[in-house]
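Before any comments, here is the structure.
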Amino acid sequence: MDITINEAQRLFVIPCAGGYTCAGFDYVFRQLRVLAEKLGKYGIDIGPLDPVAIGTTQQYHQYQSAVALIGNRDLGTWFDPDTPRKVETVLETCRKSGERIRIFYGDANTGRDWMEENDVVGRVGRSTGKMKIPLLIPDADCGGPGILDHCIVRIVDARSRRELYRHPQYHLPALVIGESKGAKGYTHSVHADGKLQANFKSHAKAAHYVAFIAGETMDQPH
Numbered sequence: 000m001d002i003t004i005n006e007a008q009r010l011f012v013i014p015c016a017g018g019y020t021c022a023g024f025d026y027v028f029r030q031l032r033v034l035a036e037k038l039g040k041y042g043i044d045i046g047p048l049d050p051v052a053i054g055t056t057q058q059y060h061q062y063q064s065a066v067a068l069i070g071n072r073d074l075g076t077w078f079d080p081d082t083p084r085k086v087e088t089v090l091e092t093c094r095k096s097g098e099r100i101r102i103f104y105g106d107a108n109t110g111r112d113w114m115e116e117n118d119v120v121g122r123v124g125r126s127t128g129k130m131k132i133p134l135l136i137p138d139a140d141c142g143g144p145g146i147l148d149h150c151i152v153r154i155v156d157a158r159s160r161r162e163l164y165r166h167p168q169y170h171l172p173a174l175v176i177g178e179s180k181g182a183k184g185y186t187h188s189v190h191a192d193g194k195l196q197a198n199f200k201s202h203a204k205a206a207h208y209v210a211f212i213a214g215e216t217m218d219q220p221h
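The sequence shown maps to residues 0 to 221 in numbering that gives the first Met the number 0.
Written out as structure tokens, the structure reads:
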């Protein structure tokens, strides 16, 4: 397999199914660290992890070899290396219990909520394959998108509203409802920290949006 290195974007460019796929230099190194830890529990040594080798084809081939060593072993749910242990524990507990949760994504460094409204409510599942990532499965579905577990800043039990996890610095931007200006057909708007976030066709719809973003309701705005 001929792997091309894109130094400018720090990417490995890999031929795949008649096209190409990419993997970041740092992503590959982080995954190697996780593989070393998980396979080490089985007494399998994947070799030295050399930070100097980041971005080299040798390190990508080491990554490929380590993935192949997984074989049929179940290494558990595959979380991002930067995901807090508390988040991992909460997601695994919810996956096993089947309880419905609401996920709040945000900046993992500052704790600022991104105010994401899509793909944030559901049950925790798990993908197939060697590296089983956590999924968020909507009601009445059997599959769903991958969870950005390293970007979670808050988790709430969707039924009881009980908070299961909160980033130490978690905060929402200041949300203010006002009259919409210049948006035809829209009467109200929501500003976040003084910047326009969204326009709505009624005050009730704007208020519903704010309540959803704040986690006061689990009914997604339409």
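Using N, Cα and C, we set each Cβ at its ideal position, and we do this for glycine too.
Is the stretch 100-117 touching the stretch 45-59 in the sense that three or more CB pairs, one from each, lie closer than 8 Å?
-> Using a C-beta cut-off of 8 Å, the stretch 45-59 makes no contact with the stretch 100-117, since fewer than three inter-stretch Cβ pairs fall below that distance.
With a cut-off of 8 Å, do at least 3 Cβ pairs link the stretch 68-77 to the stretch 163-176?
-> As far as the Cβ criterion goes, the stretch 68-77 does not touch the stretch 163-176, which means the pair count is below three.
Segment limits, alpha helix (DSSP H) that includes glutamate 98 | As a first step, residue 98 is located in the sequence shown; it is residue number 99 there, counting from the start. For glutamate 98, there is no enclosing alpha helix (DSSP H), as DSSP marks it with neither H nor E.
Please classify threonine 225: does DSSP put it in a helix, a strand, or coil?
-> Residue 225 falls outside the range modelled here, since the chain spans only 0 to 221, and no answer is possible.
Whose C-beta lies closer than 7 Å to the C-beta of methionine 217 among residues of the same chain, with five residues either side of it excluded?
-> Translated into the one-based positions of the sequence shown, residue 217 becomes position 218. Beyond the five residues adjoining it in sequence on each side, methionine 217 comes within less than 7 Å, by CB distance, of Arg101, Val120 and Ala157 in the same chain, given in chain order.
Using CA coordinates, which residue listed in Val12, Val66 and Cys15 is at the minimum distance from alanine 35?
-> Stepping through the sequence shown from its first residue, residue 35 is reached at position 36. With distances taken between Cα atoms, alanine 35 lies closest to Val66.
Where DSSP assigns a beta bridge to isoleucine 53, which residues make up the other side?
-> Along the sequence shown, one-based indexing puts residue 53 at 54. Paired residues: none, contrary to the question.
Leucine 34 - DSSP class collapsed to helix/strand/coil | Indexing the sequence shown from 1 puts residue 34 at position 35. Correct three-state label for leucine 34: helix.
Neighbourhood of phenylalanine 78 by C-beta, 6 Å cutoff - its chain only, sequence neighbours within 5 removed | Looking up residue 78 in the sequence shown gives position 79. Its chain contains Glu87 and Asp148 as the residues whose beta carbon lies nearer than 6 Å to that of phenylalanine 78, once the 5 sequence neighbours on both sides are disregarded; these appear in chain order.
When the Cα of lysine 180 is compared with those of Asp192, Leu174, Pro172 and Lys200, which residue comes out closest?
-> Along the sequence shown, one-based indexing puts residue 180 at 181. The closest CA to that of lysine 180, considering only Asp192, Leu174, Pro172 and Lys200, is found on Lys200.
For arginine 109, count neighbouring Cβ atoms within 10 angstroms of its own Cβ and tell me buried if that reaches 16, exposed if not.
-> Start at 1 with the first residue of the sequence shown, and residue 109 comes out as number 110. First, the amino acid is wrong: residue 109 is threonine here, not arginine. That one is exposed.
Can you check DSSP and say which residues form a bridge with arginine 122?
-> Translated into the one-based positions of the sequence shown, residue 122 becomes position 123. Bridge pairing for arginine 122: Arg99 and Ile136 [DSSP].
By Cβ distance below 7 Å, which residues in the same chain neighbour asparagine 198 in space, the five residues on each side in sequence not counted?
-> Along the sequence shown, one-based indexing puts residue 198 at 199. In chain order, Ser179, Ala182, Tyr185 and Ser188 place their CB closer than 7 Å to the CB of asparagine 198, counting only its own chain and leaving out the 5 sequence neighbours on each side.
DSSP beta-bridge partners of valine 189 | Counting from one through the sequence shown, the residue named residue 189 turns up at place 190. Answer by DSSP bridge pairing, in chain order: Ile176 and Ala197.
Between alanine 223 and the rest of its own chain, which residues show a CB-CB distance below 6 Å, the 5 nearest in sequence each way excluded?
-> Limits of the chain in this structure are 0 at one end and 221 at the other, which puts residue 223 out of reach.
Buried versus exposed, by CB contacts within 10 Å (16 or more), alanine 107 = In the sequence shown, residue 107 corresponds to position 108, counting from 1. Looking at its Cβ environment, which holds 16 or more other Cβ atoms inside 10 Å, alanine 107 is buried.
Per DSSP, phenylalanine 11 is paired with what?
-> Within the sequence shown, residue 11 is the residue found at index 12, counting from 1. BP columns for phenylalanine 11 point to Ile4 and Ala22.
Using only alpha-carbon positions, find the residue among Leu135, Ala52, Ser126 and Ala205 that is nearest to asparagine 117.
-> Translated into positions along the sequence shown, residue 117 becomes position 118. Of the residues Leu135, Ala52, Ser126 and Ala205, the one whose Cα lies closest to the Cα of asparagine 117 is Leu135.
Go ahead and pull the three-state DSSP assignment for aspartate 81.
-> One-based indexing of the sequence shown puts residue 81 at position 82. DSSP places aspartate 81 in coil when its eight states are reduced to three.
For leucine 147, the first and last residue of its enclosing beta strand (DSSP E) = The residue labelled residue 147 in the question sits at position 148 within the sequence shown. In the DSSP assignment, leucine 147 falls outside any beta strand (DSSP E) and carries neither an H nor an E.
Which of the three DSSP states, helix, strand or coil, is assigned to arginine 29?
-> Start at 1 with the first residue of the sequence shown, and residue 29 comes out as number 30. DSSP, reduced to helix, strand and coil, places arginine 29 within a helical segment of the structure shown.
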